[in-house]
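Visitor: Submitted below is the structure of interest, expressed as structure tokens.
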Amino acid sequence: MATDALAGTVADISARARWFLLAESGAERDGFLQRVAPAVKAAGLVALVVLAVTRPAVVEAAALLALAGGLAVVSRVPARAFLGRTAGPAAVAVVVVAPQAVLTGGPSLAGTPLTRPGSAYVLLFACRVAAAAGFLALLVTTTRVSALLAAARRVGVPPTAVVLLGVTYRYLFVFFGELGRMARARRARTLRTPTLRETWRDSGHFLGTFLRRTLERGERVGRAARARGGGGVAGYDRGGSLGPADAAFGALVAVTVGAVVLA
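Right, dumping it as structure tokens:
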């Protein structure tokens, strides 16, 4: 079978992106966060995200990261789904701030070119990003997107912004779905392994065709949404009462914020 680097790379990107977006399987599990109302859950986890990114000490950021991991366990979130959405942003953060470990002045770390203040900053930054990504991963893996959008309406987010978020999420599936289909079609038509020059030349044609087809399919999705009523967000229960899980989660967030801020 012929090997096509372009089709293989594009197909892999498309598959990983769709896996990242398809995070609703965890919402069907019987876990702690799944029993919390979406509005309460979103408000609490966003508060924890803000707390995580503002911590000045590594111990505090690491403790919040451990809290995110504990919530993932009690919520029965698949380890691959949680770690895949947490480790990636943390790794990117380390790559971005890694030069600070050398450029920041201070005493050397164990005789290496790294400095202690710079290494501490890199570790702190990575823990902040990992903790924030962990809480956001919990939000998207324990709540359906439709419930999140309805919760956004419930807490007072402007309807136009909510609709734009819903349309954007839907369009991302169209975008990466079309990318995967074109990669499979190219792979099926490839009879021999193309040279590097041919791959570079074909990538331009591939990109142009992809953008045109994505635009056409996006227009069809938009027309279909308007035919079904405009593609708005479903209503929500205005009279729903809070349960024990909501109270427990609210207390957990309050205790965490108080303990970290007052520490």
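Using this note's numbering, the first residue of the sequence shown is number 1, and each one after it goes up by one.
Beta carbons: idealized from backbone N, C-alpha and C, even for Gly.
#1: Any idea which residues DSSP pairs Thr115 with across the strands?
#2: Let's test the definition: count the other Cβ atoms within 10 Å of the Cβ of Gly118 and tell me whether it reaches 16, buried, or not, exposed.
#3: Sort Thr256, Val36 and Val162 by Cα distance to Val74 and report the nearest one.
#4: Within 10 angstroms of the Cβ of Thr142, are there 16 or more other Cβ atoms? Answer buried if so, exposed if not.
#5: Just verifying my parser: in three-state terms, what is the DSSP assignment at Val92?
#6: Alpha carbons only, please: which of Phe135, Arg85 and Leu114 is nearest the one belonging to Leu67?
#7: Output the boundary residues of the alpha helix (DSSP H) element that contains Asp264.
#8: Compute every distance between the C-beta of Ala147 and the non-hydrogen atoms of the ligand SAM, then say whether any falls below 7 angstroms.
#9: If you reduce the DSSP assignment to three classes, tell me which class Thr214 lands in.
#10: Apply the 10 Å Cβ neighbour rule to Gly44 and answer buried if 16 or more other Cβ atoms are within range, or exposed otherwise.
#11: Going by DSSP in three states, Arg55 sits in which element: helix, strand or coil?
#12: Would you report the Cα separation of Gly84 and Ala137, rounded to the nearest angstrom?
#13: Ordered along the chain, which non-local residues of its own chain (more than five positions away) have a Cβ less than 8 angstroms from that of Phe249?
#14: Drop a sphere of 10 angstroms on the beta-carbon of Thr115, count the other beta-carbons inside from all chains shown, and report buried for 16 or more, exposed for fewer.
#15: So Val257 and Leu51 are supposed to be a Cβ contact under 8 angstroms. How far apart are they, rounded?
#16: Could you please give the first and the last residue of the uninterrupted alpha helix (DSSP H) stretch that includes Ser146?
#17: Report yes if the CB atom of Arg128 is closer than 8 angstroms to the CB atom of Ala183, and no otherwise.
#18: Count the other C-beta atoms from every protein chain shown that fall within 10 angstroms of the C-beta of Pro158, then say buried if there are 16 or more, exposed otherwise.
#19: What are the start and end residues of the alpha helix (DSSP H) that includes Thr256?
#20: Could you check the C-alpha separation between Thr199 and Leu215 for me, to the nearest Å?
#21: I'd like the span of the alpha helix (DSSP H) that includes Val162, first residue to last.
#22: Let's test the definition: count the other Cβ atoms within 10 Å of the Cβ of Glu28 and tell me whether it reaches 16, buried, or not, exposed.
#23: Nearest to Val221 by CA position, among Leu211, Val253, Arg170 and Thr160, is which residue?
#24: Using a Cβ-Cβ cut-off of 7 angstroms (strictly less than) and excluding sequence neighbours within five positions of Val265, which residues of its own chain qualify?
Guide: Concretely, from the data shown:
#1: Ser108
#2: buried
#3: Val36
#4: buried
#5: helix
#6: Phe135
#7: Outside the shown range of the chain (1 to 263) lies residue 264, about which nothing can therefore be said.
#8: The model depicted lacks the ligand SAM and carries no ligand whatsoever.
#9: helix
#10: buried
#11: coil
#12: 9 angstroms
#13: Phe32, Leu33, Val36, Val40, Lys41 and Gly44
#14: buried
#15: 6 angstroms
#16: Val145 to Arg154
#17: no
#18: exposed
#19: Pro244 to Leu262
#20: 24 angstroms
#21: Pro159 to Arg189
#22: exposed
#23: Arg170
#24: The chain is shown only over 1 to 263; residue 265 falls outside these bounds and no answer can be derived.
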